[in-house]
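Numbering (my numbering), first residue to last: 105 to 499. Yeah, the Cβ is synthetic: ideal placement off N, Cα and C, and Gly gets one too. Because the structure is a prediction, the values reported are computed rather than measured.
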C-alpha cells in the first residue's frame, strides 16, 4: 500500500532528530509515490553528509519506479540516469544561490519520457554558447507546462528545446526587465508554436480570452496559454502584442482594467478594429483605487464613430457585460445610464442591426449619496425594460 509521510520541524526545535527520521524512511524510498524536498541551509548541510560532493544526487541515484510526483525546492539538483521512469509531475524551484543551468534542466527532462506536468520557477544560470545540444527533447505525454523565470530569455530557452505535441496548457511569467523588447515576444510566439502546434488552435467557438491590466503588470489568458508580465512603462504595447498574436476571430475577449489612469484612447489602441466585435466583457476600476477611470471610457462607449467607408460604428458592439468597481468614491452613475440608453437606441449599420445591449451590469461601490440612489433606481428600471440584469455589490 502507498504511504504518505509529512515531516516538518522548526529549526529551534532541537529535540527532533532529523538524522533518525531520514534513517527511518530512506530504506523505503522505492515505495514512494510522491516526494517533496524543500531545503533550508541547515537541511542542505545535513543531507550533504549523506551525499558526497557539491551537488546532490537525489536518493543516492536509485531507480524509483513508483514515484509519480516530485517537488524539489532549493536543491542543488542532479539526476542519476533514468531514476524516475514513471514520473508524471515534476516541480523545480530555485533561487540565485542554487540556480540551475539550462543543460541540467534539459538533462533531467530527457530521462522522464512519461512526464505530464512540468513546473520550473526561478533563475536559469548562464551557460556559454555551444554547450547545449541542438536536438530537442520530445515529451509526448506532457499536458501542462509552467515557467516562471525573472527574465523571458529563460522561458524562451526552455521552450525552444522541448517538443510536446499533446500539450494544451502553458503558463508563462516574467517579472522584470526585458518585456519592452517586443521582438523577444515575437520569438516567444514562434517558440510556442514549435513547442506544441495545438497551443494556438482554437476549436471551441465559445472560448474567451482574458486580458487584465494593472499599473505594474499585464496578464493575458485563454484556456490554453497564459502570460503574466510586469513592466511599468510598456504595459499597453505588450498587451496589444498579445491581442494581435494570441487572439483570433473565434475568441471572445474579456478586459479587466485596474489601471487608474487608463484612458479611452488606450482602449482604442489596445483592441484592433478587426477584433472590436469580439470584446464581450469589460471590467473597469478596482476596489482600492482613488481615481475612477470609467468616466472617459463610458463616454467613449456611448458615442459612435464614422468609419473611413462612411459607416457608423459603435465601440465594442458585442459587449454583453460591464462591471464598474469604485472602492473609494461613487461611480459615474450618470455616465453609466447615458451609455446604456445610447447603446440601446443605437443602430449598427455595418451589420444592419442593433449592437448587443449590455445584458448584465455589475456595480461595486463603497459609498453613494441619495442622488446616486435615485440614478441606480433609474438604471434598475432601464435594465428591466430590456431583460437585463443589475448586480449591486457594496464593498
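Check: Along the alpha helix (DSSP H) that carries residue 424, what are the first and last residues, could you check?; Outcome: Neither: residue 424 is in no alpha helix (DSSP H) and is coded neither H nor E.
Check: Compute the beta-carbon to beta-carbon distance between residue 440 and residue 483, rounded to the nearest angstrom, for a pair I have assumed lies under 8 Å.; Outcome: 6 Å
Check: Could you pull out every unbroken alpha helix (DSSP H) segment of at least 4 residues lying fully inside the segment 352-380, listed in chain order?; Outcome: 368-374
Check: Name the two residues that bound the continuous alpha helix (DSSP H) containing residue 449.; Outcome: 437-449
Check: Please return the same chain residues whose Cβ sits closer than 8 Å to the Cβ of residue 302, not counting the five positions on each side in sequence.; Outcome: 269, 270, 271, 272 and 328
Check: If you drop the 5 nearest sequence neighbours on each side, which residues of the same chain put their C-beta closer than 8 Å to that of residue 260?; Outcome: 288, 291, 292 and 295
Check: Is the beta carbon of residue 267 less than 8 Å from the beta carbon of residue 242?; Outcome: yes
Check: Taking the Cβ atom as the reference point for each residue, do residue 462 and residue 445 lie within a distance shorter than 8 Å?; Outcome: no
Check: What is the DSSP secondary structure of residue 188, reduced to helix, strand or coil?; Outcome: coil
Check: If distances are taken between C-alpha atoms only, which option among 257, 485 and 204 comes closest to residue 229?; Outcome: 204
Check: According to DSSP, is residue 491 helix, strand or coil?; Outcome: coil
Check: Comparing C-alpha positions only, which one of 466, 487, 437 and 350 sits nearest to residue 477?; Outcome: 437
Check: Could you pull the DSSP bridge partners for residue 399 from this structure?; Outcome: Per DSSP, none; premise fails for residue 399.
Check: Where DSSP assigns a beta bridge to residue 248, which residues make up the other side?; Outcome: 221 and 273
Check: For the beta strand (DSSP E) containing residue 501, name the first residue and the last one.; Outcome: Residue numbering for the chain in the displayed model covers 105 to 499; residue 501 lies beyond these limits and cannot be assessed.
Check: Would you mind stating whether residue 360 and residue 401 have Cβ atoms separated by less than 8 Å?; Outcome: no
Check: How should residue 389 be labelled, buried or exposed, when 16 other C-beta atoms within 10 angstroms of its C-beta is the threshold for buried?; Outcome: buried
Check: Near residue 173, what residues of its chain come up, given a Cβ to Cβ distance below 6 Å and the 5 sequence neighbours on each side ignored?; Outcome: 138 and 193
Check: Going by beta carbon distance, what residues of the same chain come within less than 7 Å of residue 487, once the five residues before and after it are set aside?; Outcome: 465, 493 and 494
Check: Rounded to the nearest angstrom, what separates residue 479 and residue 418 at their Cα positions?; Outcome: 24 Å
Check: If you draw a straight line from the alpha carbon of residue 324 to that of residue 498, how long is it in whole angstroms?; Outcome: 28 Å
Check: Could you give the first and the last residue of the continuous alpha helix (DSSP H) run that contains residue 340?; Outcome: 339-350
Check: For residue 376, which of 366, 416, 363 and 350 has the nearest alpha-carbon?; Outcome: 350
Check: Using DSSP's beta-bridge definition, name the partner residues of residue 209.; Outcome: BP columns for residue 209 are empty, so no partner.
Check: Determine the contact status of residue 210 and residue 130, defining contact as a CB-CB distance below 8 Å.; Outcome: no
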